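Keeping their order, the protein sequence lines are chains V and L.
With the working numbering applied, the first sequence covers 1 to 227.
With the working numbering applied, the second sequence covers 1 to 227.
Beta carbons are placed, not taken as given, at the ideal position from N, Cα and C, and that holds for glycine.
Only a predicted model underlies this, so the values are computations on that prediction, with no experimental measurement involved.
Everything below concerns the one structure shown next.
Protein chains: 2
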Amino acid sequence: MDAERQSPGGERLAARVHQWLRQELMRSRFRPGEKLKLRDLAEELGVSLTPVREALARLVSENALEQVDHRSARVPLLSDERLNEVCELRMELEGKAAERAAERASPADADRLAGIHARMSEARLAGRAPEMLIENERFHMELCNLADMPVLQQIVEGLWLRCGPLNFALLHMRFLHRPEEHPHNEIIRALRARDGALARLAVQRDIAVYSQAILRRLPEINAARKG
Amino acid sequence: MDAERQSPGGERLAARVHQWLRQELMRSRFRPGEKLKLRDLAEELGVSLTPVREALARLVSENALEQVDHRSARVPLLSDERLNEVCELRMELEGKAAERAAERASPADADRLAGIHARMSEARLAGRAPEMLIENERFHMELCNLADMPVLQQIVEGLWLRCGPLNFALLHMRFLHRPEEHPHNEIIRALRARDGALARLAVQRDIAVYSQAILRRLPEINAARKG
DNA sequence: GCGGCGAATTTGTGATAACAGATTTAACGC
DNA sequence: GCGTTAAATCTGTTATCACAAATTCGCCGC
Chain V
1 MDAERQSPGG
11 ERLAARVHQW
21 LRQELMRSRF
31 RPGEKLKLRD
41 LAEELGVSLT
51 PVREALARLV
61 SENALEQVDH
71 RSARVPLLSD
81 ERLNEVCELR
91 MELEGKAAER
101 AAERASPADA
111 DRLAGIHARM
121 SEARLAGRAP
131 EMLIENERFH
141 MELCNLADMP
151 VLQQIVEGLW
161 LRCGPLNFAL
171 LHMRFLHRPE
181 EHPHNEIIRA
191 LRARDGALAR
201 LAVQRDIAVY
211 SQAILRRLPE
221 INAARKG
Chain L
1 MDAERQSPGG
11 ERLAARVHQW
21 LRQELMRSRF
31 RPGEKLKLRD
41 LAEELGVSLT
51 PVREALARLV
61 SENALEQVDH
71 RSARVPLLSD
81 ERLNEVCELR
91 MELEGKAAER
101 AAERASPADA
111 DRLAGIHARM
121 SEARLAGRAP
131 EMLIENERFH
141 MELCNLADMP
151 VLQQIVEGLW
161 LRCGPLNFAL
171 LHMRFLHRPE
181 EHPHNEIIRA
191 LRARDGALAR
201 LAVQRDIAVY
211 SQAILRRLPE
221 INAARKG
């Protein structure tokens, strides 16, 4: 770690740690309730405490982590009510984003979204579940991006980050939708038809199904929090 | 500053700096475009760079500040579009909060809100403009609180924080509403009548008027950013 | 005067060390 | 054996230091 002391590419170390942690969180590497330790993370990444500390502080601010006793940071445990609230807000905000996206998307945008969904379906059929999660996130983020509302997009990203640690429960789950009637397909159709209302309903249906599926598993997710 | 070296009351220094900066931001002490310097703030507060650094990192995460060139943090400049987006989201989210608040608020809750509004009106008539801003914020936050949706409340707080630095423009402004028809009064009536739809509309009207007023001043706000 | 170049200062970043509170471990007494 | 307590360790917080990138300032040549 002495080899490249100061960040050479103008890239800040703290930002890299932050990004890395964010990704690991979305990949459900850490379980709800797990405590993240400064020195462990610093050693694994080969950096000092300082950038890790800054990254954790930022993640706490984003509510991706919570400060347990004014001391250490841990992955939050979501109660039923809290998960319901997050999903309700996602339906509200992603619904609005989808509506606006449908009103402004070009055919090329719709194609791009279709490509993401195709890769996601392919990953699912091939059993590459983590990749499926990543592509699913990409689909929703790209849809938000098409709405051209950056503040809204940041808020939605924050809401996703809260649910990330729960998604490992999806890894061993059966299909949530039958492929031919996946809400993503309907979203893509809505974009092509410039039908805002349809896009909103489709994305809300997608979230509702996700919400129900996770909610059923929530007891066992929160029970196995000793690790 | 050597007097109480280590935080005695179990209070973290970084948290205190964060809270202090947040409040100064809401009181419009710093102008949009102004750069916040680590060593200046550290000296003013009598602490070292470390806690200031963490506080700034958190505020950047909350989008209360922005990182300008991957280096220093500054108070964001809001474009017309951005301000419009923030206000649109506030109307959406605070509208929802008001609706839920109206469905669950007790008469005592309505009284409390009426008390806050009374203090706000009093401060305004007495010419204590900064106090008026504080009480106005308190009114909206308390309304969100009554909705019993903590995630929603956090998001709304974040949106307020983005507008905080703009509010100094309100200090020298004429009344936005004639006192007898202030939307806050209608909100209180809606709470007493358990009328969710009315509460939503009233809060949205309040925000819309605010939005228009600030929007008119935005050019001069952003012009005087040499600070 | 004016423009560009280089040194000095400013400013943020990361590592390290000292420290305090909490937790774990160990030992002792009963 | 069991409970209590004290020592050792773990863990997060802060201050200080060293360093690099950016900015500022001043000097020189034209």
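The beta carbon of G158 (chain V) lies closer than 6 Å to those of E62 in the same chain, with the five residues before and after it left out. The alpha helix (DSSP H) runs of length 4 or more contained entirely in the segment 54 to 131 of chain V are, from start to end of the chain, 80 to 104, 107 to 125. Only residues of its own chain outside the window of five on either side were considered, and among them A98, E99, A101, A102, I187, A190, L191 have a CB closer than 7 Å to the CB of A199 (chain L), listed in chain order. For L146 (chain V), no CB of chain L lies under 8 Å from its own CB, so it is not counted at the interface with that chain.
R104 (chain V) does not reach chain L, its nearest Cβ partner there being about 14 Å away, counting only Cβ pairs nearer than 9 Å. Runs of the beta strand (DSSP E) lying entirely within the segment 124 to 201 of chain L and spanning at least 3 residues: none are present. Put simply, the backbone Cα of D40 (chain V) is about 30 Å away from that of L65 (chain L). Here I214 (chain V) is not near L133 (chain V), since their CB atoms are 8 Å or more apart. Taking the Cα positions, E180 (chain V) is about 17 Å away from L201 (chain V). The residue among V:A57, V:R31, V:L13, V:R104 with its C-alpha nearest the C-alpha of C163 (chain V) is V:R31.
Counting other Cβ atoms within 10 Å of its Cβ, K35 (chain V) stays below 16 and is therefore classed as exposed. In terms of beta-carbon proximity, H117 (chain V) stays away from the interface with chain L, with every pair separated by 8 Å or more.
Judged by beta-carbon spacing, M120 (chain L) lies within the 8 Å limit of E135 (chain L), meaning their Cβ atoms are closer than that value. Judged by pairs of C-beta atoms under 8 Å, the segment 16 to 23 of chain L touches the segment 45 to 55 of chain L, as three or more such pairs exist. Within the segment 58 to 74 of chain L, R58, S61, E62, N63, H70 place their CB atoms closer than 7 Å to a CB of chain V, listed in sequence order.
At least 8 Å separates the CB of Q153 (chain V) from every CB of chain L.
For L218 (chain L), no Cβ of chain V is located within less than 8 Å of the residue's own Cβ. A distance below 8 Å separates the beta carbons of V151 (chain V) and L89 (chain L). Annotation: the continuous alpha helix (DSSP H) that includes R39 (chain L) extends over 38 to 45. Residues of chain L with a Cβ closer than 8 Å to the Cβ of K96 (chain V) are, in chain order, E92. Identification of residues in the segment 192 to 204 of chain V having a C-beta nearer than 8 Å to some C-beta of chain L yields an empty set. Setting aside the 5 residues that flank it on each side, V156 (chain V) is surrounded in the same chain by R90, L93, E94, A97, H140, M141, C144, each with a C-beta closer than 8 Å to its C-beta; the list follows chain order. Counted as a single uninterrupted DSSP element, the alpha helix (DSSP H) harbouring R22 (chain V) occupies residues 13 to 26.
At a C-beta separation below 9 Å, L89 (chain V) has these neighbours in chain L: L93, K96, M149, V151, L152, I155. Going by beta carbons, L45 (chain V) and V75 (chain V) fall outside the 8 Å limit. Nearest to L218 (chain V) by alpha-carbon distance, out of V:Q204, V:D195, V:L170, is V:L170.
Neighbours of V86 (chain L) in chain V, taken as residues at a C-beta separation under 9 Å, are given in chain order as V151. In this structure, L78 (chain V) sits near L166 (chain V), with a CB-CB distance shorter than 8 Å.
Any Cβ of chain L closer than 8 Å to the Cβ of E137 (chain V) would place that residue at the interface, and such an atom is absent.
V:R194 is the residue among V:L13, V:R194, V:S28 whose C-alpha sits nearest the C-alpha of P107 (chain V).
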